[in-house]
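Residue numbers (my numbering), protein chains in the order written: chain A, 3 to 316; chain B, 119 to 544.
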């Protein structure tokens, strides 16, 4: 987060001026295209300020702005449903959603706070933290390929991450199969297919990056040593789809257990919306080293996300 | 030494689309023009003691009076997604529907619509109703509580912003803002884009909300008719006329080069043979008493089209039914037509539709295209006692069958802007 969050407890926010103030009728009117469950949850929240009501209010409001043919993804999907890619919520629609959330739950949300909200889970966590007065989780950090190469012990031509986004609750990355990977010359003869073992390798590499980015936080003065991380095991691996040159792999890992010296992740790979690989458990071993005394002045290649408000002409 | 002209391409109208008070497609509009069936009604939003104006010519079958576009009602076959609706005012909604219709009428494939050689020029005054609501909301609810697309939905370029994005237009695009001459300017300059070989196809769209906020401010100018009778309120050239009747809607025209007409094998409505413009240099809102600018614009248009008054069969007059404006036009017509004044048929179809402001030029060019293709002269509806200034002009009271060769369409706007388009039998 580029600047401190200006949090005001919801109960202390001044009610917005004008006719859409805080009357029940105005609230019902603002939510007239939302489900009755959403309206009831919003009315209850106005009375009790119970943060447990927020997820259903948020989903109800997002649903109202999602085209009817995409709503299934919202109700059937989990917190990983992506606002833009899966639900078609562009930056302008996001502003509409935010304005209605602000009005209904009585909080102020700044543009800067929105730029890291990419999934439904991000939105729920964000609103929940604001309503409870908790600090916001550290936003996911974006690493372009230069930033990945700079920290990884694994290097090209054996590095299968083009870009990554790493946060406390997991990491995602993309890798485009170019067709020039050396092993594709023989796998298979005249039929290049990404080996399943390499897909697992790519997921493992994302786990390495997660650990090197300081998740979970190490003891003071310590850090995960790039030379200490090795593969130990994997379980429950299933491949669903052949991946070939031109395919863009979307890799996801989530930590299941991390306790020195073992970190266990669940991992998956998609190509577009198609499931390619699922690994129930991938376990890496790791160790700590002392933090070097002199740190570089600036982190290498830490890419800035695109500012939320930069998407508008005129 | 003779002047060197760049090679000029002929321009044709190959498609029309109408959302108007007298019909929501070319067939219905054609029937209304032939039967002289007007679209003027006692307009419910004016039904208040403090509003002296009682009639207007709203579009039919659409309901766009709610603040929230998702509450609007659209007739079949039109259906727009929320992400499209949210940046539209009523006028740009009508424009979207009219353009969709015109593309179908011209039998254009998607690949012909979204390509480098196809552009769009539009005209509208924006949506003052939506702008008012948003500014009120900004003052009442706070700066950050305004709809993110409020500006796009309301400022004067709203029609082309929306249509260019939604129809994926790749060629030239802009809007014209010369009040009641706007969409004639759009048609004239669109014609030039094709004539000069810059574009092979142009869409021309004029649109107006046609509601309280676009019409009623003209009451303050004393420009609107206070006549409460829908059957006589709009009567251009009549001695009893007392102002114009407001209307809204949209008209879309498809203009194409001769090469495109041939390549696609489509039968055009007519040729756009030329256009001309000139300004009064006189008054911000009152037309020149002798119609000097309008006469100059007519002469330039005829010259550009390489025709003379002797070739003209019909003039669709700008005449809005205001006391001063109609007389100015009569004088301009006499000055230009000379000995042909008694022969060339003149009528103002605003008797049927009321005055469409930024929509008027494109709408009436569309009417002329129907008249040329289908062979009729729209009559001068509601004309009982012609103003003495009309003496010597040929104002047919009823619609007449006629094989038209050359037709002129006049438009005049605030600031004394005058635009005339010459259409020719294809």
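For every residue, glycine included, the Cβ atom is placed at its ideal position computed from N, Cα and C.
Next on the checklist: Assess contact between the region 348–367 of chain B and the region 276–284 of chain B, defined as three or more Cβ pairs (one per stretch) separated by less than 8 Å. Is contact present?
Outcome noted: Between the region 348–367 of chain B and the region 276–284 of chain B there are fewer than three inter-stretch CB-CB distances shorter than 8 Å, so the stretches are not counted as touching.
Checklist entry - In terms of alpha-carbon separation, which member of B:540, B:218, B:197 lies closest to residue 133 of chain B? => result To locate residue 133 of chain B, count along the second chain from 1; it is residue 15. Ranked by how close their Cα comes to the Cα of residue 133 of chain B, the residues B:540, B:218, B:197 have B:218 in first place.
Checklist entry - Closer than 8 Å, CB to CB, is residue 75 of chain B near chain A or not? => result Residue 75 of chain B is absent from the model: chain B starts at 119 and stops at 544.
Next on the checklist: Pairs of beta-carbons, one from the region 401–420 of chain B and one from the region 522–534 of chain B, closer than 8 Å: are there three or more?
Outcome noted: Yes, the region 401–420 of chain B touches the region 522–534 of chain B.
Item to check | the region 165–176 of chain A in contact with the region 131–148 of chain A per 3-pair CB rule at 8 Å | outcome: Yes, the region 165–176 of chain A touches the region 131–148 of chain A.
Next on the checklist: Using only CA atoms, which one of B:409, B:198, B:484, B:455 lies nearest to residue 512 of chain B?
Outcome noted: Stepping through the second chain from its first residue, residue 512 of chain B is reached at position 394. Out of B:409, B:198, B:484, B:455, B:455 has the C-alpha closest to the C-alpha of residue 512 of chain B.
Next on the checklist: So, with DSSP's three-state summary, where would you put residue 264 of chain B?
Outcome noted: The count along the second chain starts at 1 and reaches residue 264 of chain B at position 146. Residue 264 of chain B falls in the coil class under three-state DSSP.
Checklist entry - Going along chain B, which residues have a C-beta under 8 Å from residue 35 of chain A? => result Residue numbering aside, residue 35 of chain A sits at position 33 when the first chain is read from its first letter. Residues of chain B with a Cβ closer than 8 Å to the Cβ of residue 35 of chain A are, in chain order, 188.
Item to check | Partner residues on chain A for residue 266 of chain B, Cβ-Cβ distance less than 7 Å | outcome: As a position in the second chain, residue 266 of chain B is number 148, starting the count at 1. 94, 97, 98, listed in chain order.
Checklist entry - Opposite residue 326 of chain B in the DSSP bridges: which residues? => result Counting from 1 along the second chain, the entry for residue 326 of chain B is found at position 208. The partner list for residue 326 of chain B (beta bridge, DSSP) reads B:367.
Checklist entry - Just reading off the alpha helix (DSSP H) that residue 134 of chain A is part of, what are its end residues? => result Here residue 134 of chain A refers to the residue found at position 132 when the first chain is read from its first residue. Counting along the chain, the unbroken alpha helix (DSSP H) around residue 134 of chain A starts and ends at 122–134.
Next on the checklist: Within 8 Å, do at least three Cβ pairs link the region 276–285 of chain A to the region 228–237 of chain A?
Outcome noted: Three or more pairs of CB atoms, one per stretch, sit closer than 8 Å, so the region 228–237 of chain A contacts the region 276–285 of chain A.
Next on the checklist: So residue 109 of chain A contacts chain B; which residues on that side make the cut at Cβ distance below 8 Å?
Outcome noted: Sequence index remark: in the first chain, residue 109 of chain A carries index 107 (1-based). Within chain B, no residue comes near residue 109 of chain A; the closest Cβ sits about 12 Å away, beyond 8 Å.
Item to check | Inter-stretch contact (C-beta, 8 Å, three-pair minimum) for the region 308–317 of chain B and the region 370–378 of chain B | outcome: A contact exists between the region 308–317 of chain B and the region 370–378 of chain B.
Next on the checklist: Taking the beta strand (DSSP E) that residue 395 of chain B belongs to, which residues open and close that run?
Outcome noted: Walking along the second chain from the start, residue 395 of chain B turns up at place 277. Counting along the chain, the unbroken beta strand (DSSP E) around residue 395 of chain B starts and ends at 388–397.
Item to check | Short-range partners of chain A found in the region 171–203 of chain B, where Cβ spacing is below 8 Å | outcome: Within the region 171–203 of chain B, contact with chain A at the beta-carbon level (separation under 8 Å) is assigned to 188, 199, 200, 201.
Next on the checklist: If you follow the alpha helix (DSSP H) that residue 246 of chain B is in, where does it begin and where does it stop?
Outcome noted: Counted from its first residue, the second chain places residue 246 of chain B at position 128. Run containing residue 246 of chain B: 246–259, per the alpha helix (DSSP H) assignment.
Checklist entry - Just the Cα atoms here: how many angstroms apart are residue 183 of chain A and residue 157 of chain A? => result Here residue 183 of chain A is taken as the residue at index 181 of the first chain, counted from 1. Here residue 157 of chain A is taken as the residue at index 155 of the first chain, counted from 1. Roughly 13 Å between the two C-alpha positions.
Checklist entry - Under 9 Å Cβ-Cβ, which residues of chain B neighbour residue 244 of chain A? => result The residue given as residue 244 of chain A occupies position 242 in the first chain. Within 9 Å Cβ-Cβ: nothing; residue 244 of chain A doesn't reach chain B, min ~34 Å.
Checklist entry - With burial defined as no fewer than 16 other Cβ atoms inside 10 Å of the residue's Cβ, what is the status of residue 154 of chain A: buried or exposed? => result Counted from its first residue, the first chain places residue 154 of chain A at position 152. Label assigned to residue 154 of chain A: buried.
Item to check | Neighbouring residues, chain B, relative to residue 101 of chain A (Cβ below 9 Å) | outcome: Locating residue 101 of chain A in the first chain gives position 99, where the first residue counts as 1. Here the neighbours are 262, 263, 264, 265, 266.
Checklist entry - What's the call for residue 480 of chain B, buried or exposed, on a 16-neighbour Cβ count within 10 Å? => result In the second chain, counting from the first residue as 1, residue 480 of chain B sits at position 362. Looking at its Cβ environment, which holds 16 or more other Cβ atoms inside 10 Å, residue 480 of chain B is buried.
Next on the checklist: Please report whether the beta-carbon of residue 87 of chain A lies at a distance below 8 Å from any beta-carbon of chain B.
Outcome noted: The count along the first chain starts at 1 and reaches residue 87 of chain A at position 85. So, not an interface residue.
Checklist entry - Does the count of Cβ pairs from the region 323–338 of chain B and the region 500–508 of chain B closer than 8 Å reach three? => result The region 323–338 of chain B makes no contact with the region 500–508 of chain B: fewer than 3 CB pairs, one atom from each, lie closer than 8 Å.
Checklist entry - Where DSSP assigns a beta bridge to residue 146 of chain A, which residues make up the other side? => result As a working note, residue 146 of chain A is residue 144 in the first chain. According to DSSP, which records beta bridges pairwise, residue 146 of chain A is partnered with A:165.
Next on the checklist: Below 7 Å on C-beta distance, what does residue 69 of chain A contact in chain B?
Outcome noted: Here the question's residue 69 of chain A lines up with position 67 in the first chain. Here the neighbours are 199, 200.
Next on the checklist: residue 241 of chain B and residue 294 of chain B - do their beta-carbons sit closer together than 8 Å?
Outcome noted: The sequence position of residue 294 of chain B within the second chain is 176, counting from 1. The sequence position of residue 241 of chain B within the second chain is 123, counting from 1. Closer than 8 Å, so yes.
Checklist entry - Buried or exposed: where does residue 150 of chain A fall if 16 or more other Cβ atoms within 10 Å of its Cβ makes it buried? => result Translated into positions along the first chain, residue 150 of chain A becomes position 148. Around the beta-carbon of residue 150 of chain A, 16 or more other beta-carbon atoms lie within 10 Å, marking it buried.
Next on the checklist: So, under 8 Å CB-CB, residue 537 of chain B and residue 337 of chain B are touching, yes? Tell me the CB distance rounded to an integer number of Å.
Outcome noted: As a working note, residue 537 of chain B is residue 419 in the second chain. As a working note, residue 337 of chain B is residue 219 in the second chain. Between residue 337 of chain B and residue 537 of chain B the Cβ distance is about 26 Å, and since that is not below 8 Å, they are no contact.
Next on the checklist: Tell me the rounded alpha-carbon separation between residue 246 of chain A and residue 185 of chain B.
Outcome noted: Residue 246 of chain A sits at position 244 when you count from the first residue of the first chain. Residue 185 of chain B sits at position 67 when you count from the first residue of the second chain. Distance from the CA atom of residue 246 of chain A to the CA atom of residue 185 of chain B, rounded to whole angstroms, is 51 Å.
Checklist entry - Would you say residue 305 of chain B and residue 539 of chain B are within 8 Å of each other, going by their C-beta atoms? => result Here the question's residue 305 of chain B lines up with position 187 in the second chain. Here the question's residue 539 of chain B lines up with position 421 in the second chain. In this structure, residue 305 of chain B sits near residue 539 of chain B, with a CB-CB distance shorter than 8 Å.
Checklist entry - Is the CB-CB distance between residue 531 of chain B and residue 309 of chain B below 8 Å? => result Here residue 531 of chain B is taken as the residue at index 413 of the second chain, counted from 1. Here residue 309 of chain B is taken as the residue at index 191 of the second chain, counted from 1. In terms of Cβ geometry, residue 531 of chain B and residue 309 of chain B do not form a close pair [threshold 8 Å].
Checklist entry - Are the region 239–254 of chain B and the region 77–97 of chain A in contact at 8 Å, needing three or more beta carbon pairs? => result Counting Cβ pairs under 8 Å, fewer than three are found: no touch.
Next on the checklist: Taking 8 Å as the cut-off, does the region 55–66 of chain A touch the region 95–110 of chain A (at least 3 CB pairs, one atom from each stretch)?
Outcome noted: The count of Cβ pairs closer than 8 Å, one atom from the region 95–110 of chain A and one from the region 55–66 of chain A, reaches three, so the stretches are in contact.
Checklist entry - Using CA coordinates, which residue listed in A:230, A:47, A:204 is at the minimum distance from residue 251 of chain A? => result Residue 251 of chain A sits at position 249 when you count from the first residue of the first chain. Across the set A:230, A:47, A:204, the C-alpha of A:204 shows the shortest separation from the C-alpha of residue 251 of chain A.
Checklist entry - If you run the structure through DSSP and keep just helix, strand and coil, what is residue 351 of chain B? => result Here residue 351 of chain B refers to the residue found at position 233 of the second chain. Coil.
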